[in-house]
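Here is the structure we will look at.
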Amino acid sequence: MSIGVLALVAVLPIALALVLMVGMRWPATKAMPLAWLVTALGAVFAWQLPAGYVAALTVQGIITAIGILIIVFGALLILYTLQHSGGMETIQYGFQNVSRDRRVQAIIIGYMFAAFLEGAAGFGTPAALAAPLLLSLGFPPLAAAVICLVFNSFPVTFGAVGTPVVLGLKFLKDLVEAAVVSGAAGVNFTNMESFNLLVGQWATLMHLPMIFILPVFMLGFMTRFFGPNRSWKEGFAAWKFCIFAGVAFTIPYMIFAWLVGPEFPSLIGGLVGVGILIFGAKKGFCVPEGSWDFGPHDKWDPEWIGTIAPDEKAEFKPHMSQLRAWVPYVLIGLILVITRIPDLGLKGILAAQKISFTDILGYEGVNGSIAYLYLPGTIPFILVAVMTIFIHGMSGKAVKATWSQAIGVMKNPTIALFFAVALVSIFRGSGVGNELFNPNGYPSMPLAMAQAVAALTGNAWPMVASFVGGLGSFITGSNTVSDLLFAEFQWGVATTLDLPRQIIVAAQAVGGGMGNMVCVHNIVAVCAVVGLSGMEGQILKKTVWPFLLYGLVVGIVTTLMSFVFLPHLF
């Protein structure tokens with residue numbers, strides 16, 4: 039069977055998921071099981087893999103998904119714990135009293151606070167939390183949703199303490215080690231950890247222009263489409279505050295990405311940035327003259343408002359001191375630092391505690407494991423959630439409600455992730471190198487696609503690499519799953535075209551982040567919390583433009599890295 043035909047078979051489940059979720063508006067809970075089924079059938083009939091081996095790969099994928107779901111559950115548990123303890127409303131009260139200018143509020147909450155939440159929790163929680171916060175401060179629901187979705191992009195590559203890189207690129211390990219052993223041209227990494235560090239470093243440079251361009255663009259977008267004067271200029275007038283925010287985020291972001299690793303850039307950048315921005319805004323530093331607002335509610339376009347009308351007199355109440363409210367997030371940051379720096383000793387101890395599955399269903403080499411203590415879902419998320427019960431003095435009723443709510447919302451993500459990651463596992467396992475499992479010696483599904491695409495695009499690939507990552511997030515709802523799905527594909531294209539592999543894989547990771555703007559899951563979640571269910575199409579029409587702008591800028595930067603600034607790498 040030709041590579042072209044194999045590539046078409048491999049792309050079929052992705053195209054199916056796209057049609058079902060976008061064209062027919064199916065939820066991922068229905069679309070991903072069908073996409074998995076098509077993948078399994080393609081593996082059996084086109085690749086001629088044994089059905090039992092495909093089943094083993096499916097189980098392997100489910101084991102990987104369990105690790106991701108533990109992180110999702112821990113992130114949700116922290117969020118709901120703070121909501122039921124009164125800590126979140128206290129934090130909201132603090133934000134409300136910093137500035138009444140909607141442009142300033144959009145940057146502090148939608149841009150910076152959401153970046154911190156992405157770094158600490160990820161998995162769609164930042165937009166789902168920040169959007170209702172802006173709504174409660176007086177933003178039109180549609181504006182709040184669009185702003186938070188678009189800003190939940192540049193931090194996502196390092197979201198949930200680096201999960202998209204650390205877990206998302208895990209299937210590249212064998213390829214990385216093989217490249218190191220072979221001494222291939224352009225290999226300036228020595229193992230998987232150093233490769234991840236390089237990917238994170240180059241990813242920050244790809245994000246860097248948009249970290250400064252995006253806030254200015256979005257404030258202009260906000261005042262043009264949601265302001266009483268329909269003026270881009272009113273949003274652009276806050277450019278100094280946007281640059282201030284970009285610098286406040288970028289300095290710690292770059293330091294941790296280049297010197298420590300992919301776990302901390304967004305978390306520390308957002309945490310430090312929030313403190314600096316709030317302090318600066320209170321002092322009037324770089325704050326625009328005047329105070330911009332959306333105008334009277336009765337003049338708003340009915341399309342802006344859903345089932346939850348903003349309250350012009352909404353006021354939050356503090357339930358505790360700001361310090362006490364922020365203690366859980368501070369603890370998360372401290373524990374992550376202590377448990378992720380190898381020299382402190384805890385990283386190795388925690389990472390060694392695993393539940394391992396070897397030769398699943400009797401198929402040699404099909405293994406899986408869950409590092410239950412090293413996953414951020416357990417330490418620090420669940421640990422800090424339990425500690426918060428005592429720190430915030432929560433009642434038994436509030437604790438019960440918190441855990442019930444967190445468990446209750448896990449059904450849909452569990453179904454979607456089980457099948458999505460199982461699909462990924464079949465994708466990558468389809469190219470095993472022995473005659474028993476792969477009698478025709480075909481390349482894996484991602485590599486078949488890579489070879490076909492490389493033949494079509496040639497050296498123009500750096501311009502479009504990030505859009506593949508964006509497509510993965512758009513389909514699966516996760517940067518991590520996008521990287522699991524397409525990292526080998528990107529590596530294969532880079533190898534075929536003799537491009538620097540770490541640069542192209544970094545573009546994949548960046549694309550997965552920018553894909554959160556148009557991610558169906560995120561749009562649905564945000565619409566639900568701001569009362570805009572049924573208007574997902576209207577939001578997608580607005581977020582697709584900054585998505586395309588982001589991809590264009592990243593494509594230019596990636597091309598320059600590949601052919602101008604780093605010719606010695608390939």
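When the letters of the sequence shown are read in order and numbered with the working numbering, they come out as residues 39 to 608.
For glycine and all other residues, C-beta sits at the position ideal for the given N, C-alpha and C.
These numbers come from a predicted model, not from an experiment.
The beta carbons of A153 and F287 sit about 6 Å from each other, so the pair counts as a contact at 8 Å. Per DSSP, reduced to three states, the secondary structure at I146 is helical.
By the Cβ-count criterion, I100 is buried, with 16 or more other Cβ atoms from all chains shown falling within 10 Å of its own Cβ. Taking the Cα of C186 as reference, the smallest distance to any Cα among L180, V568, A165 is reached at A165.
CA-to-CA, the gap between V591 and H357 works out to about 44 Å. Take G467, set aside five residues on each side of it, and the residues of its chain with a beta-carbon closer than 6 Å to its own are L95, in chain order. With a 10 Å radius around the Cβ and a threshold of 16 neighbouring Cβ atoms, P334 comes out exposed. Between G469 and V506, the C-beta spacing is not below 8 Å. Beyond the five residues adjoining it in sequence on each side, V404 comes within less than 6 Å, by CB distance, of A94, Q98, I398 in the same chain, given in chain order. Counting C-beta atoms within 10 angstroms of its own C-beta, A486 has 16 or more neighbours from the protein chains shown and is therefore classed as buried. G307: member of the alpha helix (DSSP H) spanning 303 to 320, first to last residue. Bridge pairing for F395: G406 [DSSP]. The alpha carbon of P451 has as its nearest neighbour, out of F354, H122, F111, the alpha carbon of F111.
Take F395, set aside five residues on each side of it, and the residues of its chain with a beta-carbon closer than 7 Å to its own are I101, N405, G406, S407, in chain order. In this structure, A503 sits near I542, with a CB-CB distance shorter than 8 Å.
Leaving aside the five residues that flank G400 on each side, none in its chain has a CB nearer than 7 Å to its CB. Secondary structure note for V57: it is in no alpha helix (DSSP H), with a DSSP letter that is neither H nor E. Secondary structure note for Y588: its alpha helix (DSSP H) is the uninterrupted segment 574 to 598.
Closest option to A525, judged by alpha-carbon separation, among R539, L535, T534: R539. When DSSP assignments are scanned along the stretch 448 to 497, the uninterrupted stretches of alpha helix (DSSP H) that are 4 or more residues long and fall wholly within it turn out to be 449 to 467, 483 to 495. Ranked by Cα distance from S191, the first of N554, M599, P414 is N554. L87 has its alpha-carbon roughly 6 Å from the corresponding atom of N476.
Residue state for Q86 is assigned as coil, using DSSP reduced to three classes.
With a cutoff of 8 Å on beta-carbon distance, F177 and R140 are scored as near each other.
Within the same chain, Cβ atoms closer than 6 Å to the Cβ of I116 are found at F419, A423, the five residues on either side in sequence being excluded. With 16 or more other Cβ atoms from the protein chains shown falling within 10 Å of its own Cβ, W338 counts as buried.
I109 counts as buried, since no fewer than 16 other beta carbons sit within 10 angstroms of its beta carbon. If you draw a straight line from the Cα of F332 to the Cα of G258, it comes to about 13 Å. Cα atoms of F601 and I594: separation of roughly 11 Å, rounded to the nearest angstrom. One thing to note: G551 has its Cβ no nearer than 8 Å to the Cβ of Q360. When the Cα atoms are used, Y118 and K438 turn out to be separated by approximately 11 Å. In the DSSP assignment, E127 falls within the alpha helix (DSSP H) that extends over 125 to 134.
With respect to the 8 Å criterion, G160 and T201 are classified as neighbours on the basis of their beta carbons. In the same chain as I145, and ignoring 5 residues on each side of it, the C-beta atoms closer than 8 Å to its own belong to P253, L257, A276, F279, C280, A283, L315, in chain order. Contact annotation, M244 with A545: C-beta distance approximately 6 Å; criterion of less than 8 Å satisfied. For G530, the enclosing alpha helix (DSSP H) stretches over residues 517 to 535.
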